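Here is the structure we will look at.
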Amino acid sequence: MNFFLDTSICIDVLRTCGPDSSFDLFKTFEDVNNGFISTITVAELFAGAFLSNRRNAIEKTEDLLSFLEIIDLNSNIAREGGRIYANLSEIGLKIEFNDCLIAATAIRTGFHAIVTRNCNHFKRIKGLSVTVPEDVVTH
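Numbering (our numbering), first residue to last: -14 to 124.
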């Protein structure tokens, strides 16, 4: 089964004290690259790595990314991200623009579901179902 991941799940794995369920989910990617992320997530992860005081933060980020398929942003995804952001802003439920682009990547590439720790934000987006790693690894 393929999974589209939000940045929060990757951060769980990069932190040594992250939840076991996120690590368990990543173990399934070792043999088969069935984990997918947006280039927006890549940028967010590297921003955190460059800001980190940890000596090996860049290397750890690169190692983590080697288990994932990265979906590049294109004009259709960018347009969808803009639409999502505008729609949520109009009804007073605005979320970070990066999250809109991540959601748009999932929707425009046919996933329509995202594994995240940030359920409150992603639940606001029509056409996108939201799950947490605990629900994925127990099924």
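No residue lacks a Cβ here, since even glycine has one placed at the ideal position from N, Cα and C. The structure presented is a predicted model; accordingly, all values stated were derived computationally and were not measured.
CB contact flag (A88, L113, <8 Å): For A88 and L113, yes; Cβs fall inside 8 Å.
Close Cβ partners of I80 (< 7 Å) along its chain, the five nearest in sequence each way excluded: Closer than 7 Å at the Cβ level, and outside the excluded window around I80, lie L73, H106, R109.
Residues near F(-11) by beta carbon distance below 6 Å, same chain, minus five either side: Closer than 6 Å at the Cβ level, and outside the excluded window around F(-11), lie F21, A91, F96, I99.
Give a yes or no on whether the C-beta atoms belonging to V27 and L50 are separated by under 8 Å. Yes, they are a contact pair.
Does DSSP classify S(-7) as helix, strand or coil? If DSSP states are grouped into helix, strand and coil, S(-7) belongs with the helices.
On the three-state DSSP scale, how would you describe E47? It is helical.
One question on the structure: do E47 and T(-8) come within less than 8 Å of each other, judged by their Cβ atoms? In this structure, T(-8) does not lie closer than 8 Å to E47 by Cβ.
Unbroken stretches of the beta strand (DSSP E), 3 residues or longer, contained in the region 93 to 120: Taken in chain order, the complete beta strand (DSSP E) segments of 3 residues or longer contained in the region 93 to 120 are 98 to 100, 114 to 116.
Would DSSP call I55 helix, strand or coil? Taken through DSSP and simplified to helix, strand or coil, I55 comes out as strand.
For F14, does the three-state DSSP call read helix, strand or coil? The DSSP-derived three-state label of F14 is coil.
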